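Input: a single structure, listed below in structure tokens.
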Ligand code: SF4
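Residue numbers (the numbering used here): 521 to 914.
Pasting the structure below:
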């Protein structure tokens with residue numbers, strides 16, 4: 521597995537697969553073809569089906585600017601390698617084709633080419649939770665991350681934590697309408713005021729989903745967020761960490777350790793299954809985010825590494841089969857609410873793991889395998905094409 525820095529990418533929303541990945545592909549292709557006078561980009565499959573709502577064209581055009589770009593949308597063609605395919609062609613001033621390359625946006629802002637992911641160096645020698653737990657014995661999962669990552673990981677995670685807090689604060693302040701045809705008003709700011717008027721017990725419980733709303737609405741507005749593990753699911757982990765920070769203990773060091781563990785959980789899912797909605801549905805995005813947040817919160821509550829594994833397993837297990845069906849291809853409905861509900865579920869899973877005896881039949885590794893198989897069995901209607909489920913009701 522690669523560095524957990526790839527799980528936590530700081531960038532603009534609303535979609536890691538649809539904006540960060542294509543922007544990275546465009547920058548990679550531009551570096552290969554600096555002499556191109558103009559560009560033609562063909563978008564395939566899921567990327568073409570929902571790319572307009574997700575601002576894919578804007579991400580590519582802005583990256584290749586000031587050179588002119590023609591975008592062709594081919595939602596009916598799914599390339600065999602991955603549902604999120606792109607083909608870039610550079611043209612000379614005389615119209616001659618200089619170079620054509622295909623890239624795939626494989627989730628979390630990563631791209632692949634000829635079956636190989638870009639910029640990924642394997643630094644973890646174990647790639648299953650069971651192997652890692654056997655290796656670390658009584659140590660914590662974050663200590664394994666510290667063993668394998670470069671020394672700058674803590675500075676990086678500090679930046680991630682600061683960005684996450686900024687997102688929550690910004691999302692609680694902004695009150696505009698979200699961009700796109702749904703004309704959805706932002707809700708987090710009003711919800712926060714209403715939660716403040718509740719009794720303390722309700723305040724404690726319902727601040728968390730409001731924080732998730734705040735971040736998910738920032739993402740839907742195309743503002744800077746941190747993938748955790750994707751843009752669409754970026755509200756869950758910050759909401760849960762901020763809940764701990766504001767309601768239990770203002771301890772940055774513990775939060776960074778929790779982020780490290782969450783990153784490791786996300787990495788295991790990404791490596792052994794997928795975090796791409798186009799590949800496995802929303803279980804790979806919001807389900808993975810819930811597993812990461814559940815494990816992180818469990819660790820913050822003093823859970824052992826085995827209890828963290830249990831919390832993460834529950835976080836993912838109870839999202840199995842969750843489809844990706846964003847209305848109008850926008851990362852808004854059901855995505856924003858889904859982040860909110862997953863944040864509550866993550867805390868419940870963590871508390872359940874801490875108060876139970878920790879015994880469970882299905883392991884985290886097993887549920888990751890099942891998630892992958894379930895995702896591959898889902899028809900493409902339910903994998904970011906906006907052709908089925910809620911999207912078909914619009
Ligand atoms: S439904 Fe889930 S996977 Fe699909 S765009 Fe929304 S958050 Fe992402």
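Here a beta-carbon is modelled for each residue, glycine too, at the ideal position from N, C-alpha and C. On a predicted model such as this, the values are computed, not experimentally measured, just so you know.
DSSP-derived helix/strand/coil call for residue i
| i | result |
| --- | --- |
| residue 598 | coil |
| residue 864 | helix |
| residue 608 | strand |
| residue 754 | coil |
| residue 853 | coil |
| residue 706 | coil |
| residue 587 | coil |
| residue 763 | helix |
| residue 556 | coil |
| residue 807 | helix |
| residue 642 | coil |
| residue 548 | helix |
| residue 689 | helix |
| residue 627 | strand |
| residue 858 | helix |
| residue 659 | coil |
| residue 882 | coil |
| residue 525 | helix |
| residue 667 | helix |
| residue 541 | helix |
| residue 582 | helix |
| residue 566 | helix |
| residue 876 | coil |
| residue 535 | coil |
| residue 672 | coil |
| residue 683 | helix |
| residue 813 | helix |
| residue 712 | helix |
Any non-hydrogen atom of the ligand SF4 closer than 6 Å to residue i Cβ
| i | result |
| --- | --- |
| residue 844 | yes |
| residue 701 | no |
| residue 828 | no |
| residue 746 | no |
| residue 805 | yes |
| residue 752 | yes |
| residue 853 | no |
| residue 802 | yes |
| residue 573 | no |
| residue 797 | yes |
The alpha helix (DSSP H) enclosing residue i, as first and last residue numbers
| i | result |
| --- | --- |
| residue 772 | 772-792 |
| residue 747 | From DSSP, residue 747 is part of no alpha helix (DSSP H); its letter is neither H nor E. |
| residue 697 | Looking at the DSSP string, residue 697 is not in any alpha helix (DSSP H), and its letter there is neither H nor E. |
| residue 846 | Element bounds for residue 846: n/a, residue is neither H nor E. |
| residue 735 | 720-740 |
| residue 831 | 825-837 |
| residue 799 | 797-800 |
In DSSP terms, what residue i is bridged to
| i | result |
| --- | --- |
| residue 617 | 611 |
| residue 622 | 607 |
| residue 561 | 591, 608 |
| residue 894 | Beta-bridge pairing links residue 894 to no other residue. |
| residue 903 | 844 |
| residue 637 | 632 |
Limits of the beta strand (DSSP E) - the one that residue i falls within
| i | result |
| --- | --- |
| residue 531 | 530-532 |
| residue 653 | Careful: residue 653 lies outside any beta strand (DSSP E), inside the alpha helix (DSSP H) at 649-656. |
| residue 919 | Beyond the ends of the chain as shown, which are 521 and 914, falls residue 919; an answer cannot be given. |
Selected residue, minimal CA-CA separation from residue i, among the options
| i | options | result |
| --- | --- | --- |
| residue 574 | 782, 815, 741 | 741 |
| residue 805 | 862, 779, 817 | 862 |
| residue 890 | 876, 865, 834 | 834 |
| residue 675 | 777, 869, 903, 892 | 777 |
| residue 693 | 707, 869, 682 | 707 |
| residue 571 | 869, 848, 912 | 848 |
| residue 906 | 801, 871, 823, 840 | 801 |
| residue 627 | 880, 665, 605 | 605 |
| residue 884 | 634, 532, 760, 825 | 825 |
| residue 792 | 809, 887, 599, 798 | 887 |
| residue 611 | 644, 665, 668, 553 | 553 |
| residue 601 | 851, 766, 632, 810 | 632 |
| residue 845 | 810, 869, 803 | 803 |
| residue 588 | 608, 566, 568, 559 | 559 |
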